[in-house]
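Protein chains in written order, with my numbering: chain A, 188 to 364; chain B, 781 to 1072.
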Amino acid sequence: MPFMRGVMPIRRTFFYLEQGRVVFRDDVKVFCLGYHQRPEPHQKGAKEFIFWHWAQLQFRNPYIQLVKLKNFTVTPFAMAFLKDGREVLFDLEGKSKDEIVDMFNGTLGKTKLCLQREALESKYSVAGFGDNHPRQCICEIQGQQPCTSLVKAPDYMCGRWRWNHQGAKLKRNKRII
Amino acid sequence: MRRYLPPTGKPPITPPHEKKLTRALEPEWLSPEDAKELLWRRQVYKNVLKSMRRVYKEEYETYMVEKTYGWPKIYAEERAELNHLIEEQNERLRQGEIMRAQRDKENYEQMKNEFLEGLEEKLEKDHKELEERTQEILKQIERTEHFLTPENLEREIEYALEHPVNYNYCIDLRGTKFYDPEPLKYPDSAKRQTGRRFDRTLAPSVLSKEELKKLRTEKIETKFKTKGRFARYIKAPVEGKVVDEAIDMAVGWDDVEKFVEGGDTNDNEKKMNDTGKKESKKKKKNASTKES
C-alpha cells in the first residue's frame, strides 16, 4: 500500500483538508492547472502545489470543476473560467508552491468584502419560513399543498398507506425467501 | 435475518435493448375535446408558474433593497474589486512576457556565442593538426633519401664497415660513463684487418702509458676531489692494476696514503701482497734446491 507511507496519507486527513487556504469566489466555475510529470527546477512549484494542495482545493471548493493537465505546455500555467465567460490566466514558471497559493488567493480568492456579503445573505434569506421570515408556512404560497391541519392529505401521500396497503404487502411477501 | 430477492427487471445502469432504441411509441387515442382540455390546462399551468416566478423575483429585489440597507452597493463594490484584481493579474502577465522575451533573447545570444567559440576552437585544432601532419610527412619524405634500396645497398654496407659505431661503455655508481676507445680498422698497425676490439678487457695494451696515467688521475680526482696530489703514486701498467683496485676499495684519503707507503687497509690486499711474497720466496727456495 504505497499511499499509506510517508507524507501521502497526511494529505488526506480531515484536519489537513480543512487547513486549505484557497477558497475561490462564486464567480469561478472551472479551474484548470497544467504541470509536468518530470519537472525542471523552474517547473517544480506547480507539481508541488498539486501534490500538497490539490486535495485541499477540492475539499474547500466542492462546486467548482478542477482539472489537471499533465505535460500540456512548456511552461506550467493555471486558468480560471468565470461565470460571465471571462478567463483568467496565471503563469506558474519559476514560482514555488507557496507563491502559487498566495497568487490564487490574492486574485480569485474570497476577500473580506465577499465574506461580509455572504454572511449578510445567509442571515436574511427570503426562501426561509418561520417566525423571523416573511412567510410562516409554505402552504401560504400558491400552488403548494395546503396545511394538513386544515385540509386532510390524500391517502397515497401518507406513509401509513404507502407501507401498509395491499399491493405493497403482496410484493413484500413474495420477495422474502 | 431475511434474505430478499433482488428486484425484477434489468439493472438501471445497463443500456436499453436495441429494439427500444428505434421504437416509436404510439400515444393513446384522445378525443378532440379531451385533447383541447389538456392543452388548455397545460398552458394555464405554465403561465401560472411564469407569473409566480416574476412575482417572487420582484419581491426579492424590493425586499433586498428595503431590508438590506443598500446591498446592490455591496454587489457593485465586489464586482469592481474582482475587475481590479483581474486587471492586476493581466498586468503582471504582460510584464512577465516582456521579461521572458528578454531572457530568451539573452539565452539565444549566449548559446550562439558558445557555438561559435566551439566552432572556432575546432577549426584551430584542425588547422594545427594539419600543420603537424604535413611536417611529419615532409620529414618522412626526407628520411626516404636514406632508405636502403637495392641500388644503394652495397654503398651503404661499405660505409657501415668504414665507420663502425660503438655503443659499448661502462658506467660507475656516480653515473660517469667510460667509453671504450674507437675501434681501429687495422689494430696493432697491421695492414690486414684481423678483427674488432671493442671491449677494453680484450685490448689492455691499446692504451699508452700516458693515457693510462691520465685516466687514473681523473679517476682519483673525481673520487676524492683533489688535483695533482696523488700524481707521484701512479705506477706502471702491470702494477697499476693493483692500484686501481685499491683506489676502488679505499674509503678515505688516509687509506690511499697507507697503501702507497706500504700499509694495507684491506685484508684482501694483505693476502694478495703476502701471497706474492710467499710465492717469490718459494720460487727462490725451489731454485736453490734445484741448484743444489
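Where a beta carbon is used, it is the ideal one built from N, C-alpha and C, also for glycine. Please read these numbers as outputs of a predicted model, since none were measured by experiment.
Any beta carbon of chain A sitting closer than 7 Å to that of residue i?
i: B/Gln-869; result: yes
i: B/Gly-789; result: no
i: B/Glu-841; result: no
i: B/Ile-866; result: yes
i: B/Leu-873; result: yes
i: B/His-797; result: no
i: B/Ile-854; result: yes
i: B/Glu-858; result: yes
i: B/Gly-876; result: yes
Quick one: grab the DSSP three-state call for residue i.
i: A/Ile-287; result: helix
i: A/Ile-328; result: coil
i: B/Pro-787; result: coil
i: B/Lys-1021; result: Model confidence at B/Lys-1021 stands at a pLDDT of 48, short of 50, so the residue's coordinates are unreliable; what they give is reported in the following sentence. Of the three classes helix, strand and coil, the one that applies to B/Lys-1021 here is helix, per DSSP.
i: B/Ile-1128; result: Beyond the ends of chain B as shown, which are 781 and 1072, falls residue 1128 of chain B; an answer cannot be given.
i: A/Leu-253; result: strand
i: A/Asp-278; result: strand
i: B/Lys-1015; result: Any answer about B/Lys-1015 is weak, because its pLDDT of 46 lies below 50 and its placement is not dependable; what the coordinates show is given next. Coil at B/Lys-1015, not helix or strand.
i: A/Val-209; result: coil
i: A/Cys-301; result: helix
i: A/Arg-273; result: coil
i: B/Leu-873; result: helix
i: A/Val-338; result: coil
i: A/Ala-314; result: coil
i: A/Val-194; result: coil
Flag residue i as yes if its beta-carbon sits less than 7 Å from any beta-carbon of chain B, otherwise no.
i: A/Val-209; result: no
i: A/Leu-302; result: no
i: A/Trp-350; result: no
i: A/Thr-294; result: yes
i: A/Glu-235; result: no
i: A/Val-313; result: yes
Just to confirm, is the Cβ distance from residue i to residue j under 7 Å?
i: A/Lys-297; j: A/Glu-235; result: no
i: A/Phe-211; j: A/Leu-302; result: no
i: A/Leu-253; j: A/Phe-277; result: no
i: A/Phe-316; j: A/Cys-326; result: no
i: B/Tyr-947; j: B/Lys-957; result: no
i: A/His-223; j: A/Gly-281; result: no
i: A/Phe-246; j: A/Leu-220; result: no
i: A/Lys-255; j: A/Lys-216; result: no
i: B/Glu-858; j: A/Leu-307; result: no
i: A/Phe-268; j: A/Val-209; result: no
i: B/Val-843; j: A/Val-275; result: Note that residue 843 of chain B is Tyr in the sequence shown, not Val. No, the pair does not count as a contact, with Cβ atoms beyond the cut-off.
i: B/Leu-928; j: B/Glu-922; result: no
i: A/Arg-304; j: B/Ile-878; result: no
i: A/Trp-350; j: A/Asp-342; result: no
Within 8 Å of chain A by C-beta, residues of the stretch 813-835 of chain B in sequence order: The stretch 813-835 of chain B vs chain A, Cβ under 8 Å: Val-828, Leu-829 and Met-832.
Relative to chain B, which residues along the stretch 244-277 of chain A have a C-beta separation below 9 Å, given in chain order? Thr-262, Leu-269, Arg-273, Val-275, Leu-276 and Phe-277
Three Cβ pairs or more, each shorter than 8 Å: is that satisfied between the stretch 263-271 of chain A and the stretch 215-234 of chain A? The stretch 263-271 of chain A, when compared against the stretch 215-234 of chain A, does touch it at the 8 Å Cβ threshold.
For the stretch 239-259 of chain A against the stretch 825-845 of chain B, are there 3 or more C-beta pairs whose distance is under 8 Å? Verdict: no, contact absent.
Residues of the stretch 210-224 of chain A with Cβ closer than 8 Å to any Cβ of chain B, in chain order: Here the close residues are Arg-212 and Asp-214.
Taking Cβ-Cβ distances below 9 Å as the criterion, which residues of the stretch 328-343 of chain A are in contact with chain B? Ile-328, Gln-329 and Gly-330
Between the stretch 193-208 of chain A and chain B, which residues of the former have a C-beta closer than 9 Å to a C-beta of the latter? none
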